[in-house]
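Reading through the structure tokens given below for one structure.
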Amino acid sequence: MKKTFQLLSCLFLMQISVFAQEKIQHIEPLNWWVGMKNPALQLLVHGKNIAEFTPKINYKGISIKKVNKVENPNYLFIDLLITPETQAGEVKIIFENSKKETFTYNYDLLKRQNNSAERIGFNSSDVLYMITPDRFANGNPQNDNVSSFKDTLNRKDLTGRHGGDIEGIIQHLGYIQNLGMTALWINPLVENNQPKTSYHGYAITNFSKIDARFGTNEDYLRLSKEAKKHGIKLVMDMVLNHCGSEHWWMKDFPAKDWVNFQDSPKTIYSTHRRESLHDPYAAEYDITSHSDGWFDSTMPDLNQRNPFMANYLIQNSIWWVEYADLGGIRMDTWPYPDKNFMSVWSKRMEQEYPNFNIVGEEWSLNPSIVSAWQKGKVNKNGYVSYLRTLMDFPVNAALIEALNTDEKVWNQGFTKLYQTVANDFVYANPNDLMIFPDNHDMSRFFTQLHEDYGKFKNGMAFLLTTRGIPQIYYGTEILMTNPKSDAHGEIRSDMPGGWIGDSKNVFTETNMTSAEMEAKNFVSTLLKWRKNTSAIHSGKLKHFAPENGFYVQFRYNDKQKIMVILNKNKEPKTLEMGKFKEILKAKFSAKDIISNQTFEVNGSLSIAPNNPLVLEIFEK
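Following our numbering, the numbering of the sequence shown begins with 358 at its first residue and continues without gaps.
Here it is as structure tokens:
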């Protein structure tokens with residue numbers, strides 16, 4: 358009799374569970390944690406006519422403050438309050454309706470990791486290695502194609518999926534560590550179940566789920582843990598501005614204003630006039646046309662002015678930080694969402710994680726525009742941001758132009774770079790800017806430099822020693838190029854050796870050219886030295902106006918003094934030390950970081966053609 362009762366009880370619970378799954382198609386966040394600084398949590402619940410049900414919770418420390426119904430009866434937004442004393446456990450949310458139908462949803466409330474709120478984000482002591490995951494390494498061919506995903510493997514197609522995945526990254530964390538990298542920024546890994554061109558990850562169809570062709574959520578957790586073992590912080594690429602056109606809510610909107618231009622018969626594209634957000638004379642038409650227009654026909658523009666959408670996006674970001682133990686966020690298209698929402702979002706992230714860091718993409722070559730988004734900047738329009746780090750596109754463009762133009766022409770060559778760095782006075786903290794040679798949206802660094810290795814060395818020497826947080830795109834260290842076109846698919850080409858059968862293998866150094874190996878060793882030498890060089894991490898910067906093909910910077914603190922000599926001369930040259938007397942003694946010893954040679958300097962220094970020097974100075 359007892360066994361019969363237990364069997365009936367199990368069957369009853371199974372029926373309840375099945376009924377709950379039938380009624381609730383989505384509930385987000387997928388789970389939450391006790392001990393968060395903000396005690397409020399809003400659950401998005403989606404299911405057929407779910408608004409007919411009333412939720413109840415009987416769990417010590419948790420109360421339902423409000424149940425929000427919207428115009429679509431398939432949604433409920435449940436406002437919870439979780440007191441600081443609440444214990445982790447399984448929270449039973451009981452749903453009842455007027456017909457006496459009842460079902461229970463079990464919601465997990467977890468314990469946070471120790472010191473989770475105090476986690477240290479990436480900073481100027483780090484160098485980020487950036488990866489487009491579909492193009493880095495295929496570690497698990499079993500997930501190359503998934504039956505429910507239309508965009509299937511086609512490695513010959515530049516815009517197709519090539520099969521790179523999370524397992525491929527995990528297998529090569531040793532390579533990334535040995536290069537000297539300390540952080541890893543990966544283009545979005547969350548689901549992009551789009552019919553085509555889904556490999557890049559920026560048309561998200563599920564904000565809480567890893568794309569099955571990259572792996573699983575559990576694989577992402579494993580990547581985070583393994584990266585930490587290698588001394589590497591995991592930085593997640595996120596998108597707040599838009600989703601993918603095949604996102605599940607696009608077929609069942611919660612409200613009429615969930616997506617901007619939601620009912621428009623044709624796609625209204627963004628004008629991309631980001632300047633209008635700071636322009637004191639801007640027309641509201643231009644501001645709205647920029648912020649509300651769709652980024653692409655397959656990327657609907659999310660309306661962050663809808664309070665439920667705003668809460669959803671904020672909580673999703675916090676969820677990933679907590680869930681995956683992140684060491685940072687890279688935020689795509691920073692100036693495209695509602696700017697007031699971005700202020701609130703960045704403030705909420707800082708309140709929850711005061712030592713964390715986020716880098717925002719503002720693709721402007723005007724330092725004044727970039728600086729307006731940085732935390733600490735006092736803007737005349739009163740706008741306040743809590744974003745510490747922005748991508749330094751002005752310095753990126755100036756570096757390319759400086760390396761490619763003639764030093765003998767007035768205001769050309771290194772002068773372009775010097776003038777741009779001199780604009781640092783507009784930033785609240787220029788040392789928090791992210792500097793880079795290239796990324797997934799622009800031609801490869803070596804291609805932009807017309808495959809001139811001397812220019813490459815000068816550029817990398819500058820980027821790995823000047824102020825800021827360096828980021829290097831995968832393959833830049835081995836001189837990867839895009840010689841045929843600037844198409845994104847070619848720029849994001851496969852890392853040699855990431856696929857079984859590749860004739861060239863970066864990871865095992867098989868069939869690498871001497872130039873590729875030299876470049877890799879050059880970059881790695883600087884990276885490994887940089888790891889333990891405090892003057893580069895947080896020291897002061899002093900630079901001298903370029904002259905005679907040389908551009909000289911110093912990084913220094915009370916313990917170290919580093920002299921960086923960028924040199925574009927095509928023949929051996931002598932650099933006189935007299936102009937540097939305000940920071941250098943007449944006689945000193947210097948160790949060249951690249952060659953590991955030490956020599957005495959007395960008044961001048963002979964330098965080989967097209968050769969930068971990174972010198973640690975020892976003064977008597």
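Backbone N, C-alpha and C define an ideal beta-carbon position, used for all residues, glycine too.
This structure is a prediction, so every number in the text was calculated from the model and none was measured.
{"query": "Spatial neighbours of I940 within its chain, please: CB distance less than 8 Å, with the 5 preceding and 5 following residues excluded, ordered by chain position.", "result": "K899, F911, Y913 and K918"}
{"query": "Please state whether DSSP places N788 in a helix, a strand or coil.", "result": "helix"}
{"query": "Nearest-angstrom Cα distance between I857 and I848?", "result": "21 Å"}
{"query": "Which residue wins for smallest C-alpha separation from L536, given the options H557, F956, T882 and K930?", "result": "T882"}
{"query": "When the Cβ atoms of the segment 731–744 are set against those of the segment 760–775, are three or more pairs found closer than 8 Å?", "result": "no"}
{"query": "Residue range of the alpha helix (DSSP H) that H807 falls in?", "result": "It is not in any alpha helix (DSSP H) - H807 carries neither H nor E in the DSSP assignment."}
{"query": "By the three-class DSSP mapping on this structure, what secondary structure does A397 have?", "result": "strand"}
{"query": "Sort out for me which residues DSSP pairs G717 with in a bridge.", "result": "M688 and L747"}
{"query": "Please specify which runs of the beta strand (DSSP E), each continuous and at least 3 residues long, are wholly inside the segment 475–508, giving them in chain order.", "result": "485–488"}
{"query": "Shortest alpha-carbon distance to Y462 belongs to which of I407, E442 and E475?", "result": "I407"}
{"query": "Would L485 and V592 be called neighbours here (beta carbons separated by less than 8 Å)?", "result": "yes"}
{"query": "Exposed or buried, G684, counting other C-beta atoms within 10 Å across all chains shown (16 or more means buried)?", "result": "buried"}
{"query": "Let me confirm a value: T955 is counted as buried when at least 16 other C-beta atoms fall within 10 Å, else exposed. Which label applies?", "result": "exposed"}
{"query": "Looking only at C-alpha atoms, which of F460, H529, G733 and K948 sits nearest to P853?", "result": "H529"}
{"query": "Going by other Cβ atoms of all chains shown within 10 Å of its Cβ, with 16 needed for buried, is K841 buried or exposed?", "result": "exposed"}
{"query": "Quick one: residues in its chain with C-beta nearer than 6 Å to the C-beta of P396, no 5 flanking neighbours on either side, listed in chain order?", "result": "L438 and I439"}
{"query": "Assuming contact is defined by CB atoms lying nearer than 8 Å, are Q980 and D609 in contact in what I supplied?", "result": "This structure cannot speak to residue 980, because the chain is shown only from 358 to 977."}
{"query": "Excluding the 5 residues preceding and the 5 following N549 in the sequence, name in chain order all residues of the same chain whose CB lies nearer than 7 Å to its CB.", "result": "S555, G558, A560, I561, T562, D568 and G601"}
{"query": "Got a sec, what are the start and stop residues for the beta strand (DSSP E) G446 sits in?", "result": "G446 to E453"}
{"query": "Do you know offhand how far F698's Cα is from N431's?", "result": "26 Å"}
{"query": "To which residues of the same chain is H845 closer than 6 Å at the C-beta, ignoring the five residues directly before and after it?", "result": "none"}
{"query": "Of the residues K732, E764 and K861, which one's Cα is nearest the Cα of L790?", "result": "K732"}
{"query": "Decide if A640 is buried, meaning its Cβ has at least 16 other Cβ atoms within 10 Å, or exposed.", "result": "exposed"}
{"query": "Let's see if you can read the secondary structure: which residues bound the beta strand (DSSP E) around N425?", "result": "I419 to K426"}
{"query": "Is I974 near the ligand ZN - that is, is its Cβ less than 7 Å away from at least one heavy atom of it?", "result": "This structure lacks the ligand ZN, and indeed carries no ligand of any kind."}
{"query": "For E976, tell me which candidate among P827, K944, I964 and K885 has the shortest Cα-Cα distance.", "result": "K944"}
{"query": "When you compare the CB positions of L820 and P787, do they come within less than 8 Å of one another, or not?", "result": "no"}
{"query": "What number of angstroms, rounded off, separates the C-alpha of A785 from the C-alpha of F452?", "result": "50 Å"}
{"query": "Using the Cα positions of T443 and L467, report the straight-line distance between them to the nearest angstrom.", "result": "10 Å"}
{"query": "Give me the Cα-Cα distance between W886 and I950, rounded to the nearest whole angstrom.", "result": "8 Å"}
{"query": "Flag this pair as yes or no: are the beta carbons of S961 and M934 separated by less than 8 Å?", "result": "yes"}
{"query": "In terms of residue numbering, what span does the beta strand (DSSP E) encompassing T931 cover?", "result": "K930 to E933"}
{"query": "Can you tell me whether DSSP reads M371 as helix, strand or coil?", "result": "Interpretation of M371 is limited by its pLDDT of 45, a score under 50 that renders its predicted location unreliable; the figure taken from the coordinates is listed afterwards. Helix at M371."}
{"query": "Is F369 buried or exposed, if buried means 16 or more other CB atoms sit within 10 Å of its CB?", "result": "Note that F369 scores 43 on pLDDT, short of 50, meaning its location in the model is unreliable; the coordinates nonetheless yield the value given after this. Exposed."}
{"query": "Whose C-alpha, out of R469, P386 and M393, is nearest the C-alpha of E707?", "result": "M393"}
{"query": "Please classify N796 as buried or exposed, where buried requires at least 16 neighbouring CB atoms within 10 angstroms.", "result": "buried"}
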